[in-house]
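What follows is a single structure, written as structure tokens, with notes after it.
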Amino acid sequence: MIEADGLLKSFRTRHGEIRAVDRVSFRAADGQITGLLGPNGAGKTTTLRMLYTLMRPDRGRVLVDGIDAAERPAQVRSRLGVLPDARGIYKRLTARENIEYFGRLQGLDAALIRARTARLAAALDMGEFLDRAAEGFSQGQRTKTAIARALVHDPRNVLLDEPANGLDVMTTRSLRQFLRGLKAEGRCVLFSSHIMPEVAQLCDRIVVIARGRVVADGTPDELRGATGLANLEDAFVKVIGTEEGLFA
Amino acid sequence: MSAVWTVFRKELLDALRDRRMLLVAFVVMPLAVPSILVGMSALGARKQAEKIESTLELPVIGAQRAPNLVAWLGSHNLRIVAPPADADAAVRNQEREVVLRIDESYAADWRAAQPARVELVFDSSRPMQSGTTIARVRNLLEAYDREVGVLRLIARGVHPALASPLRVTSRDLATPESRFDLGQQLLPYLLLLLAFIGGMQLAIDSTAGERERQSLEPLLTTPASREAIISGKILATAAFTLMSVAVTLLAYRLAFSLMPGDRVDLSLDVPAHSLAPLLIVILPIVLLGATLLTALAAFARSHREAQSYLPLLIFLPMIPTLFLMVAPVKTQPWMLAVPFLSQNQLILRILRGEAVTALEWASSLGSALLLAGIAWLVAARLYYREHLAASG
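Below, the structure is given as structure tokens:
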């Protein structure tokens, strides 16, 4: 379970201070897929970065399975599987070696890494490129490798930043299946997206973020009920207040 | 600790699969450094021998004014040739190393027992190329001067010893190993430079490169601490550099032993038993270099920016060499506590076969390791900066 409580984060830029995330609170429960939906630049990536301890919130608190991220960042990271926005893999290593590297950094032994790699490779359909050097991988192969290495330590919580970015239709479909599988295993899955249909299809719970704030939070049905609109897409546009950046 | 080891192994593996990096570290460097040094020493040895023994061509202006002098010079392994039209220009253009001009009043002065004027035209700003030639001609002229002077004194019934109140003799205590020439200064410099920035590619690739390729942020999502990650990268850079230096030294040794003994300057030899001490001397410099390069590359936003800082670092190991060129003083104790200067001194002493005391080892290794430790702290701090990974 992931809990964000009053997260606040500002950046100093040449044009003054910009509040990227402004008192964001939500909860992503185990056995559910939670979607962080918002237009580009709404603060989704910054929020996620605070959740996986890359950034420290100026104010507010992050709890992962009840552990405070500010106090025990390493413990929190070992309970999270993260697919960040940046998902570069090492080109001179094979997909398997990429996964193994992260497995070792998570403190796993060789036998366990082998077993987990085999399972993830089967689930993600990586068989044909698992032992090839990553140089020249397609975007889909790279993303699959990045997901596999993020999950090699079998984390209870999975964070994905725009996982479908740059993937073709077939790969997106199999990714969706994979995320449903994670949910069925009882994990807490949290992903961000700016693509509304993707969120609508997958999520049990949707947190809508705009201009650094949570503007709506609930099940798809609750969102429809709150806005009085039967169409989920229209409901989103209404809570965000603009269509800008939502369908890019 | 296991995270440091994991990062270390991965970075080394990654580097060993990079053909370009391998080519530079294990082929280009081991070929270039011995080529420069052995080539220089062989060339130097040959030129030296040629200049001392060969018949030297000496253009003489106004040879007809001093037939005796010219004949005497001719009998001392000089071949007198016709002067160029413009002596100054010929020397300036390096067509001639030295030209002798016999003054127009030479014959008259000679007969009047006045000092007769001869003039040597040369360019002293090129001591490497023409120093021996100039010295040789000058020595011959002085010898002739003395010889005739003695004869004149005897002719007047004066004992020639009266005109030489001093007799200066010299005894050169230099052992063959202790001769200090340019080649010998070049060897420690090249060794230190290689030790210091030999890991440049790897350091940049594993930090600035990792950022650019977007794999740093995922790496920081693992439980491994940032200190562990950067330490692994520094150690991998250091190990890679040390391997490259060792291979380069072995290649140098091999190249040296393949050259016939009379064709190279033996003062540039690296004896087999000095290889291990040399590697120990430069070890702290390798670590310091790896740490500074990693810190710098971690600070830089990109590959390109990291590379633009390099000239600064290349200058550092040059400072002691420059210092010793300007002030070639005897080794003072404090020098052995100054990084680079101390390594430079110890390398020379090891090559000369001089003993190094335990205290000297301790101060040399200790000071450089201390500096490396400080650099490591800075690097670790830089790695904690938030915007480091989150630049996307």
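Quick mapping for you: the protein sequence lines, in order, are chains A and B.
Using our numbering, read the first sequence as starting at 22 and increasing by one per residue.
Using our numbering, read the second sequence as starting at 12 and increasing by one per residue.
Where a beta carbon is used, it is the ideal one built from N, C-alpha and C, also for glycine.
| Item | Value |
| --- | --- |
| Does the beta carbon of residue 217/B come closer than 8 Å to any beta carbon on chain A? | no |
| Does any residue of chain B bring its CB to less than 8 Å from the CB of residue 103/A? | yes |
| Going along the chain, which residues of the stretch 154-175 of chain A sit with their C-beta nearer than 9 Å to a C-beta in chain B? | 154, 167, 170, 171 and 174 |
| Residues of chain A with CB under 8 Å from residue 234/B, in chain order? | 95, 96, 98, 99, 126, 127 and 128 |
| Got a sec, what are the start and stop residues for the alpha helix (DSSP H) residue 245/B sits in? | 237-269 |
| Throw me the rounded Cβ distance for the residue 111/A and residue 226/B pair, which I believe falls under 8 Å. | 6 Å |
| For residue 41/A, which residues in chain B fall below 8 Å Cβ to Cβ? | Neighbours of residue 41/A on chain B: none; closest Cβ ~11 Å, over 8 Å. |
| Since residue 181/B is in the beta strand (DSSP E), which residue starts that stretch and which ends it? | Note, residue 181/B: premise wrong, no beta strand (DSSP E); not H, not E. |
| What's the call for residue 199/A, buried or exposed, on a 16-neighbour Cβ count within 10 Å? | buried |
| Per the contact definition of three or more C-beta pairs closer than 8 Å, is the stretch 45-61 of chain A in contact with the stretch 26-36 of chain A? | yes |
| Would you mind stating whether residue 59/A and residue 229/A have Cβ atoms separated by less than 8 Å? | yes |
| List, in chain order, every chain A residue whose beta-carbon is nearer than 7 Å to that of residue 226/B. | 109, 110 and 111 |
| Is it the case that the Cβ atoms of residue 26/B and residue 213/B are separated by a distance below 8 Å? | yes |
| To the nearest angstrom, report how far apart residue 93/A and residue 309/B are at their CA atoms. | 25 Å |
| Taking 8 Å as the cut-off, does the stretch 115-131 of chain A touch the stretch 164-181 of chain A (at least 3 CB pairs, one atom from each stretch)? | yes |
| Determine the direct distance from the alpha carbon of residue 153/B to that of residue 191/B, and round the result to whole angstroms. | Any answer about residue 191/B is weak, because its pLDDT of 47 lies below 50 and its placement is not dependable; what the coordinates show is given next. One C-alpha to the other measures close to 28 Å. |
| At a Cβ cut of 9 Å, what residues of the stretch 69-82 of chain A count as close to chain B, listed as they run along the chain? | 70, 73, 74, 75, 76 and 77 |
| Give the straight-line distance between the Cα atoms of residue 382/B and residue 197/B, rounded to the nearest whole angstrom. | 24 Å |
| Give the DSSP-derived three-state secondary structure of residue 31/A in the structure shown. | strand |
| Between which two residues does the beta strand (DSSP E) harbouring residue 103/B extend? | Looking at the DSSP string, residue 103/B is not in any beta strand (DSSP E); the run it does join, the alpha helix (DSSP H), is 98-103. |
| I'd like to know if residue 244/A contacts chain B, where contact means its C-beta is closer than 8 Å to some C-beta of that chain. | no |
| Taking 8 Å as the CB-CB cut-off, is residue 191/B touching chain A? | Unreliable positioning characterises residue 191/B in this predicted model, as indicated by a pLDDT of 47, which lies under 50. The coordinate reading is nonetheless provided below. No, residue 191/B does not count as interfacial toward chain A. |
| Starting from residue 354/B, trace the alpha helix (DSSP H) in both directions and tell me its first and last residue. | 352-363 |
| What number of angstroms, rounded off, separates the C-alpha of residue 108/B from the C-alpha of residue 327/B? | 36 Å |
| Quick check on residue 216/A: does DSSP put it in helix, strand or coil? | coil |
| Within this structure, are the beta carbons of residue 147/A and residue 131/A separated by less than 8 Å? | no |
| With a cut-off of 8 Å, does the C-beta of residue 123/A fall near any C-beta of chain B? | yes |
| Closer than 7 Å, Cβ to any Cβ of chain B: which residues of the stretch 201-226 of chain A, in chain order? | none |
| Determine the burial state of residue 178/A: buried for a count of at least 16 other Cβ atoms within 10 Å of its Cβ, exposed for fewer. | buried |
| Would you verify that the beta carbon of residue 29/A is, or is not, closer than 8 Å to some beta carbon of chain B? | no |
| Quick one: residues in its chain with C-beta nearer than 8 Å to the C-beta of residue 188/B, no 5 flanking neighbours on either side, listed in chain order? | In this prediction, residue 188/B has a pLDDT of 47, which is less than 50 and means its spatial position is unreliable; nothing more can be read from the coordinates. |
| Quick check on the DSSP output: the alpha helix (DSSP H) that includes residue 96/A runs from which residue to which? | 94-99 |
| Quick one: list the residues of chain B neighbouring residue 114/A, beta-carbon separation under 9 Å, in chain order. | 21, 24, 25 and 28 |
| Does any CB atom of chain B fall closer than 8 Å to the CB of residue 232/A? | no |
| Under three-state DSSP, which class holds residue 157/A? | coil |
| Mind pulling the chain A residues with CB within less than 9 Å of residue 14/B? | 125, 126 and 128 |
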